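> Under my numbering, think of the first position of the sequence shown as -3, with each following residue one higher.
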Amino acid sequence: MTVINTKISKKFLELAAKELKGDWVVMGGTVMVLMGVNERFTVDIDLAGPKTATQADTLKLMTIAEKIGLAPEAINQAGAFFLNRIPRWEDNLVPILKTKHFSLSRPNSFLFLQLKSARLSESDLGDCLNMLKIEPLTPKQAQNLKTEINKALKNSKSTNEFKQRCHLLLKSLK
-3 MTVINTKISK
7 KFLELAAKEL
17 KGDWVVMGGT
27 VMVLMGVNER
37 FTVDIDLAGP
47 KTATQADTLK
57 LMTIAEKIGL
67 APEAINQAGA
77 FFLNRIPRWE
87 DNLVPILKTK
97 HFSLSRPNSF
107 LFLQLKSARL
117 SESDLGDCLN
127 MLKIEPLTPK
137 QAQNLKTEIN
147 KALKNSKSTN
157 EFKQRCHLLL
167 KSLK
């Protein structure tokens, strides 16, 4: 399994811009890597394609991965499932790269934290705390996120570890 750092991520996205069409969103740990969080690396590239994306597009992604020495399974499109559950997620994107036929965005801090806080693993918590340092939330966004996290905490299925991480994240939201 190859560790994906800033150099590999950027090379992948350069090739994607040449070979893909439509509006794409990079998510997960790759966002932190691209934002220059030095201690962060990831083992996959999380991407959500346009709603019109086809199996051919998925195969192109995997081919691009192979071209730069990654395994095809280093491309993870599962994030699209979670992204599309969030109302008006399109309003919370930050453009990264745009060509004539391709655009790539990342979640803004609010959307990033919405996506990460649903699972909130240990690395997710670290990503959230780093994101808040780089791109603080507005007071309204912080309040909305607090409400979402408190709802998740009321879920009796949540583990103690998840609850502890939620409380740490809540403390960091001013």
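All C-beta atoms, glycine included, are put in the ideal place defined by N, C-alpha and C.
As the structure is a prediction and not an experimental result, all values here were calculated from the model.
Count the other C-beta atoms from every protein chain shown that fall within 10 angstroms of the C-beta of A70, then say buried if there are 16 or more, exposed otherwise.
Counting Cβ neighbours within 10 Å, A70 comes out buried, since at least 16 surround it.
> How many angstroms separate the CA atom of A114 from the CA atom of I145?
Rounded to the nearest whole angstrom, the C-alpha separation of A114 and I145 is 8 Å.
> Considering only residues of the same chain and omitting the five flanking positions on each side of L109, which have a CB-CB separation below 6 Å?
C124, L141
> Of all the options N1, K17, F78, which has the alpha carbon lying nearest to the alpha carbon of D53?
K17
> What residue range is occupied by the uninterrupted alpha helix (DSSP H) comprising G75?
Where G75 is concerned, the enclosing alpha helix (DSSP H) stretches over 75 to 79.
> DSSP state of A44, grouped into three classes?
A44 sits in a strand when the DSSP states are folded into three classes.
> Counting along the chain, where does the alpha helix (DSSP H) carrying D53 start and finish?
Annotation: the continuous alpha helix (DSSP H) that includes D53 extends over 51 to 63.
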